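Under the working numbering, the residue at position 320 of the sequence shown is numbered 320, and the numbers go up by one with no gaps. C-beta atoms are modelled at their ideal positions from N, C-alpha and C, and glycine is treated no differently. Nothing here was measured: the structure is a model prediction, and the numbers come from that model. The structure appears below as structure tokens.
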Amino acid sequence: MEEDERLEVATMQGMDTPSPHDKGSTYPRRAGLRAWSPAVLLILFFACLLEVLYLVIVALAPLPLLHLSNTPLAAAWPLTLALSQIFFPGAWAVAANPPIATTWLYQALLTLILAAIVAIYTLAIWSMYHWRNTLHRAAFPWLLLLLGVTAVFCLTLLFQPALFSDDVFTYMFSGRLLAFYHADPLSNAPIQFPLDPYIRWVVSGRFTTNFYGPLWLYISAGLVSMSNVPIVTLLLFKGLAIVAHLVNCILVWAILTSLAPGHRLLGTLLYAWNPLTIIELAGSGHSEGLLLSILLLAMLLYVQRKGLWREIAVLILLGVAISLNLVVLLIAPLFTWFMVRSERNTSRAFRGFCWRTIVGQGLVIPLFLP
Numbered sequence: 001m002e003e004d005e006r007l008e009v010a011t012m013q014g015m016d017t018p019s020p021h022d023k024g025s026t027y028p029r030r031a032g033l034r035a036w037s038p039a040v041l042l043i044l045f046f047a048c049l050l051e052v053l054y055l056v057i058v059a060l061a062p063l064p065l066l067h068l069s070n071t072p073l074a075a076a077w078p079l080t081l082a083l084s085q086i087f088f089p090g091a092w093a094v095a096a097n098p099p100i101a102t103t104w105l106y107q108a109l110l111t112l113i114l115a116a117i118v119a120i121y122t123l124a125i126w127s128m129y130h131w132r133n134t135l136h137r138a139a140f141p142w143l144l145l146l147l148g149v150t151a152v153f154c155l156t157l158l159f160q161p162a163l164f165s166d167d168v169f170t171y172m173f174s175g176r177l178l179a180f181y182h183a184d185p186l187s188n189a190p191i192q193f194p195l196d197p198y199i200r201w202v203v204s205g206r207f208t209t210n211f212y213g214p215l216w217l218y219i220s221a222g223l224v225s226m227s228n229v230p231i232v233t234l235l236l237f238k239g240l241a242i243v244a245h246l247v248n249c250i251l252v253w254a255i256l257t258s259l260a261p262g263h264r265l266l267g268t269l270l271y272a273w274n275p276l277t278i279i280e281l282a283g284s285g286h287s288e289g290l291l292l293s294i295l296l297l298a299m300l301l302y303v304q305r306k307g308l309w310r311e312i313a314v315l316i317l318l319g320v321a322i323s324l325n326l327v328v329l330l331i332a333p334l335f336t337w338f339m340v341r342s343e344r345n346t347s348r349a350f351r352g353f354c355w356r357t358i359v360g361q362g363l364v365i366p367l368f369l370p
């Protein structure tokens, strides 16, 4: 009798205790959260360090001693200079006649900051690689975390008062040539329009004609048509680069979900937090972010279910990428040949390569016409 009662109590206790294998049990979910918690805290720690260093770049960038490219931000919004004036008042005091030693000091400091960003980025990658066995089934919230942190980095550099490159102003001027002056940017240099209010920020490309693809010219013309205020136009170009970078993060995640789901977190982090990518896109507003979006979308379509129409879409995207930046001409033929590599008949493979090239690159030829 007593033995039966003990058996009944044990059975009831077993029913009340959730098993890791019970359907609908919260045990695996809680166990997963506990396993991920150290990794989340670690990635947030690295994110905080990187954000501090990006703020230091924002503070260092406008120093006259560094001779970076000026922007309309500093004059229109003096608040963007606040960090620089608070933490580096000595550099502003000697800006008119700086000693050589002082100039080298701030240049060395900027170099050290950039090196520190690369080092922390590398540590973050190594740490996530160390946790790969725990995070091999990284869920969608991880993507949201990466996107959120990356957006914070990008917004920090969006208001950088001086840039490492003035290419964004070349984009803006090319767009103005097309939209306002109805001139051909491929045959007219910015110096031919010395009274334009944007000419003061165009330095490296002042004497050269446009060498970007026609699609980027149309996009630039559309952006400059939205506003005639330099600071607004600058933020539009940099904002487009930031949006492209965030979209690229999602595309990298989607591609790796198809190819290597266990490495999608590491691969997405590798791209999303890349210092060169963040500084060049969010900081300097380069057009390569949009170019990467088109190429990654083509790659995503290619790695998914095969089919003729999907293949044609990939080829058209390659053509669109060429019309955005002519550098894609170096890789488009190789990618097209890669698509027919499995064909053993040489003549059939050659015909397949030719019609794919015509479809991909031929459809965008009208964009290159005057």
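Setting aside the 5 residues that flank it on each side, N70 is surrounded in the same chain by A162 and W201, each with a C-beta closer than 7 Å to its C-beta; the list follows chain order. As DSSP reads the structure, A162 sits in a beta bridge with N70. The continuous alpha helix (DSSP H) containing F237 extends over residues P230 to L259. Across the set T208, L290 and V58, the C-alpha of L290 shows the shortest separation from the C-alpha of I322. Cβ contact annotation for P275 (same chain, cutoff 6 Å, sequence separation greater than five): I117, V118 and Y121, in chain order. Apart from sequence neighbours up to five positions away, the residues of its chain that approach L81 with a beta-carbon distance below 8 Å are P62, A74 and P161, ordered along the chain. L143 is not a Cβ neighbour of L269, given a cutoff of 8 Å. Between G267 and V252 a beta carbon distance of about 6 Å is seen, short of the 8 Å cut, so the two are scored as contacting.
Inter-segment contact for the region 219–238 and the region 167–176 is present: three or more beta-carbon pairs are separated by less than 8 Å. Nearest Cα to M128 within the set I57, P64, N188 and L44: L44. In terms of Cβ geometry, L329 and A298 do not form a close pair [threshold 8 Å]. Pairing L55 with F153 gives a Cβ-Cβ distance that is not under 8 Å. Take S284, set aside five residues on each side of it, and the residues of its chain with a beta-carbon closer than 7 Å to its own are L163, F164, S165, D167 and V168, in chain order.
Annotated as proximal: L215 and V320, with beta-carbon spacing under 8 Å. Between P38 and the set S342, W131, T111 and C48, the nearest pair of CA atoms involves W131.
S84 and V58 have their alpha carbons spaced roughly 7 Å apart. Distance between R206 and L324, taken at the CA atoms: about 21 Å. Spatial neighbours of T233 in its own chain (CB-CB distance under 6 Å, excluding positions within 5 residues in sequence) are listed in chain order as M172, V224 and S227. Classified as buried, R264 has 16 or more neighbouring CB atoms from the shown chains inside 10 Å of its CB. Taking Y271 as the centre and dropping the five residues before and after it, the same chain places the C-beta of V252 closer than 6 Å to its C-beta, in chain order. When rounded, the separation of the alpha-carbon atoms in H286 and A189 is 20 Å.
Going by C-alpha positions, F338 is about 45 Å away from H67.
For A349, the CB contacts under 7 Å within the same chain, skipping 5 residues up- and downstream, are V340 and E343 in chain order.
Taking 4 residues as the shortest admissible run, the region 338–362 contains the following complete alpha helix (DSSP H) segments, listed from N- to C-terminal end: 346–362. S174 is positioned such that its CB atom lies no closer than 8 Å to that of A244. The C-beta separation of I255 from V303 comes to about 6 Å, placing the pair in contact by the 8 Å criterion.
Counting along the chain, the unbroken alpha helix (DSSP H) around D167 starts and ends at D167 to A179.
Where F193 is concerned, there is no enclosing alpha helix (DSSP H), because DSSP gives it neither an H nor an E.
The residue from G90, V149, W273 and I242 with its alpha-carbon nearest to that of P64 is G90.
The three-state reading of DSSP puts G262 in helix, counting H, G and I together. Here R356 is buried, its C-beta having at least 16 other C-beta atoms within 10 Å.
Looking only at D184, Q361, I331 and Y106, the smallest Cα-Cα distance to Y218 is reached by D184. Listed in chain order, the non-local C-beta contacts of F193 below 7 Å within the same chain comprise Y181 and I199, local neighbours out to five positions each way being set aside.
With at least 16 other beta carbons inside 10 angstroms of its own, R176 counts as buried. Annotation: the continuous alpha helix (DSSP H) that includes I316 extends over L308 to L324. Relative to V364, the option among T103, A115 and G213 whose CA is nearest is G213.
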